[in-house]
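Residue numbers (our numbering): 523 to 725.
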C-alpha cells in the first residue's frame, strides 16, 4: 500500500520486507503525520507488543522544567517494578518523542510559574512566558508536534483519584518523600511509575 507523506510515496510492504518484519497493525494515531519508515524502524527496535502498549498508554508528566521535557527512556512497556529510576545514560527520549511515538495521550502537571532560570533549560519557554504556569505554556507547543496525540493539562491537586486515569506516571525533581508516596500508590494500583532527577549536569 502506498501512503503519501510529505510529497513522497512510501511503500509499507517494502519497509516491512527490508526489515523482515511481520505485517504491522499501525495505530491510527501514527497516520498520516508520522513517516511510516520510522514506524517500521521503531517497531523493529521496540517490538510489536511494545508499540501496541504505547498506543494505548495515557501518560502523565509531573514537572516541566528542563528535565520535564527530557524524561528518559520508556521502560513502562515492560512489567512495572517496585521502583524505577532513570539514570544519566545518553540515549534519552524527550517528551516530544513521547508525543511523536504515538501514545494514547499526554497530560502535563506543573502549576508553578515560568521563571528566568527556566529559560536556559526548558526550550519551550520564551521571555514572554515569564509568570505563566509552566504546564499551560508547554501544552500548546507540545501539541503542535502530533495532532493525533491529545496533550492536556491536569488542573488542581495531584490526588490519588487523578492518578487513576493514567497508565504511566513520570515525576521530575520532586521531594523524595513525595516520590515514595506516589510510587507506593502507583504500584499498588498497577500504574507504571518513573522517577527522574537532576544530578549536576545529568538528568
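Using N, Cα and C, we set each Cβ at its ideal position, and we do this for glycine too.
Distance CB(residue 717)-CB(residue 693) smaller than 9 Å: Residue mapping note: residue 717 aligns to position 195 of the chain shown, counting from 1. Residue mapping note: residue 693 aligns to position 171 of the chain shown, counting from 1. In contact: residue 717 and residue 693 (Cβ atoms closer than 9 Å).
Proximity of residue 496 and residue 581 at Cβ, strictly below 9 Å: Because residue 496 is not part of the residues shown, which for the chain are 523 to 725, the question remains open.
Test item: CB-CB of residue 587 and residue 643 under 9 Å: Against the chain shown, residue 587 aligns to sequence position 65. Against the chain shown, residue 643 aligns to sequence position 121. Contact: yes.
Outcome for residue 651 when other beta-carbon atoms lying within 10 angstroms are tallied against a minimum of 16: Here the question's residue 651 lines up with position 129 in the chain shown. Residue 651 comes out buried.
Option in 661, 634 and 696 with minimal Cα separation from residue 627: One-based indexing of the chain shown puts residue 627 at position 105. When only C-alpha atoms are compared, the closest one is 661.
Neighbour flag for residue 589 against chain D, beta carbons, 9 Å: The structure shown contains no chain D, having only a single protein chain.
Alpha-carbon to alpha-carbon, residue 638 and residue 714: Sequence index remark: in the chain shown, residue 714 carries index 192 (1-based). Sequence index remark: in the chain shown, residue 638 carries index 116 (1-based). The straight-line gap from Cα to Cα measures roughly 33 Å.
Alpha-carbon spacing of residue 682 relative to residue 576, whole angstroms: As a working mapping, residue 682 is identified with position 160 in the chain shown. As a working mapping, residue 576 is identified with position 54 in the chain shown. Each residue's alpha carbon lies about 23 Å from the other.
Classification of residue 702 by the beta-carbon crowding that lies within 10 angstroms, buried from 16 upward: Counted from its first residue, the chain shown places residue 702 at position 180. Under this definition residue 702 is an exposed residue.
Whole-angstrom C-beta distance between residue 676 and residue 512, which should lie under 8 Å: With the chain covering 523 to 725 only, the question about residue 512 has no answer from this structure.
Residue from 664, 658 and 646 whose Cα sits closest to the Cα of residue 622: As a position in the chain shown, residue 622 is number 100, starting the count at 1. Answer by Cα proximity: 664.
8 Å contact criterion, which residue 636 and residue 654 should meet: CB distance rounded: In the chain shown, counting from the first residue as 1, residue 636 sits at position 114. In the chain shown, counting from the first residue as 1, residue 654 sits at position 132. Residue 636 to residue 654, Cβ: 6 Å. Contact.
Where residue 690 sits in the DSSP three-state scheme: As a working mapping, residue 690 is identified with position 168 in the chain shown. In the structure shown, residue 690 sits in a strand (DSSP, three-state: E or B).
Residue burial classification, residue 611 (beta-carbon count within 10 angstroms, cutoff 16): One-based indexing of the chain shown puts residue 611 at position 89. Any reading at residue 611 needs caution, since the residue's pLDDT is 35, under 50, leaving its predicted position unreliable; the model's value is listed next. Flag for residue 611 reads exposed.
Outcome for residue 668 when other beta-carbon atoms lying within 10 angstroms are tallied against a minimum of 16: The count along the chain shown starts at 1 and reaches residue 668 at position 146. Per the 10 Å Cβ criterion, buried.
Counterpart residues of residue 629 in DSSP-defined beta bridges: Translated into positions along the chain shown, residue 629 becomes position 107. In the DSSP output, where bridge partners are listed per residue, residue 629 has 582 and 674.
Close-in-space but distant-in-sequence residues of the same chain around residue 684 (CB under 7 Å, 5 per side omitted): Counted from its first residue, the chain shown places residue 684 at position 162. The residues are 676.
Classification of residue 625 by the beta-carbon crowding that lies within 10 angstroms, buried from 16 upward: The sequence position of residue 625 within the chain shown is 103, counting from 1. By the neighbour-count rule (16 or more Cβ atoms within 10 Å), residue 625 is buried.
Distance CB(residue 659)-CB(residue 645) smaller than 9 Å: Numbered from 1 along the chain shown, position 137 holds the residue referred to as residue 659. Numbered from 1 along the chain shown, position 123 holds the residue referred to as residue 645. Contact: no.
Spatial distance of residue 657 from residue 589 (CA atoms): Here residue 657 corresponds to residue number 135 of the chain shown, with the count starting at 1. Here residue 589 corresponds to residue number 67 of the chain shown, with the count starting at 1. The straight-line gap from Cα to Cα measures roughly 13 Å.
Boundaries of the alpha helix (DSSP H) in which residue 660 is found, first to last residue: On the chain shown, position 138 is the one that residue 660 refers to. Taken as a continuous stretch (DSSP letters only), the alpha helix (DSSP H) holding residue 660 covers 656-665.
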